[in-house]
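S.K.: Next up is a structure, given as structure tokens.
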Amino acid sequence: MFTGIIQATGKIETITPAGDDVKLHINIGTLDMSDVQIGDSIAVNGVCLTAVALSDKHFEAHVSKETLNCTVGLDSPREVNLEKALRLSDRLGGHMVSGHVDGVGQVVKFEPIGDCWILLIRAPHALSRYIAIKGSVAIDGVSLTVNAVDKDTFSMNLIPHTLEKTSLKHLGIGSRINLEVDLIARYVERMTQWGNESEPA
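Going letter by letter, the sequence shown gives residues 5 to 205 in our numbering.
The structure is reproduced here in structure tokens:
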């Protein structure tokens with residue numbers, strides 16, 4: 005589990021084919037890896053990956069074809085958002101993020117409003133029902149609060165600190181992003197469905 009509070013930005017430096025999969029060699033930037041061991045989870049642009057090799061300034065992660073097919077941003081060198089897995093003793097400053105991307109959204113608008121920026125995203129239609137005003141979403145692993153919803157689009161305000169500390173500053177109209185909806189919304193839907201299902205014969 006993660007919180008969506010980005011701890012550092014790093015960079016995918018090399019991508020090595022591994023059959024149908026790939027291995028990523030990622031520069032960790034300023035991320036403190038002193039408590040990370042091989043086998044631990046690190047979210048890379050919102051995607052939960054397993055560290056399979058470690059060095060002072062890098063880690064490697066194996067990414068399956070399935071993960072590549074349902075996410076964006078892991079197939080070319082670029083700046084990425086990094087977050088280590090949540091510990092039970094950690095402060096939950098964002099929201100509960102699983103690192104399992106629900107779908108890929110697209111930027112419709114990204115422009116300044118005063119000191120902040122407004123980010124408008126179009127979500128896949130199947131995910132729109134999980135997105136609510138004042139609810140939480142993760143965009144490329146960044147925990148954000150939804151300000152407005154209109155059918156399949158929703159918007160958020162990004163403060164200068166978020167832009168400075170994450171890779172979201174590189175977004176533009178047409179950019180594709182990893183989207184994870186709030187876990188609670190999914191469980192509420194499932195419980196509602198369960199209540200409407202008939203008992204087995």
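Glycine residues also receive a C-beta, built at the ideal position from the N, C-alpha and C atoms.
In the DSSP assignment, what residue or residues form a beta bridge with Cys74?
M.R.: DSSP lists no partner for Cys74.
S.K.: Skipping 5 residues on each side, what residues in its chain have a beta carbon closer than 7 Å to that of Asp24?
M.R.: Cβ within range, chain order: Lys69.
S.K.: Taking only runs that begin and end inside the region 126-177, name each unbroken alpha helix (DSSP H) of 4 or more residues, in chain order.
M.R.: Those alpha helix (DSSP H) runs which fall completely within the region 126-177 and span 4+ residues are 129-132, 164-169.
S.K.: Helix, strand or coil for Ala89, going by three-state DSSP, please let me know.
M.R.: If DSSP states are grouped into helix, strand and coil, Ala89 belongs with coil.
S.K.: Using DSSP bridges, identify the partner residues of Arg207.
M.R.: Since the first and last residues shown for the chain are 5 and 205, residue 207 lies out of range.
S.K.: Hey, out of Arg82, Val192, Gly77, Thr20, whose CA is closest to Gly33's CA?
M.R.: Considering only alpha carbons, the answer is Arg82.
S.K.: Quick check on Lys69: does DSSP put it in helix, strand or coil?
M.R.: Of the three classes helix, strand and coil, the one that applies to Lys69 here is helix, per DSSP.
S.K.: Would you give the residue range spanned by the beta strand (DSSP E) that His29 belongs to?
M.R.: Unbroken beta strand (DSSP E) run through His29: 25-31.
S.K.: What are the start and end residues of the beta strand (DSSP E) that includes Lys15?
M.R.: Start and end: 12-22.
S.K.: Three-state secondary structure (DSSP) at Val105?
M.R.: Note: Val105 maps to coil in three-state DSSP.
S.K.: Quick one: grab the DSSP three-state call for Val185.
M.R.: Three-state DSSP puts Val185 in a strand.
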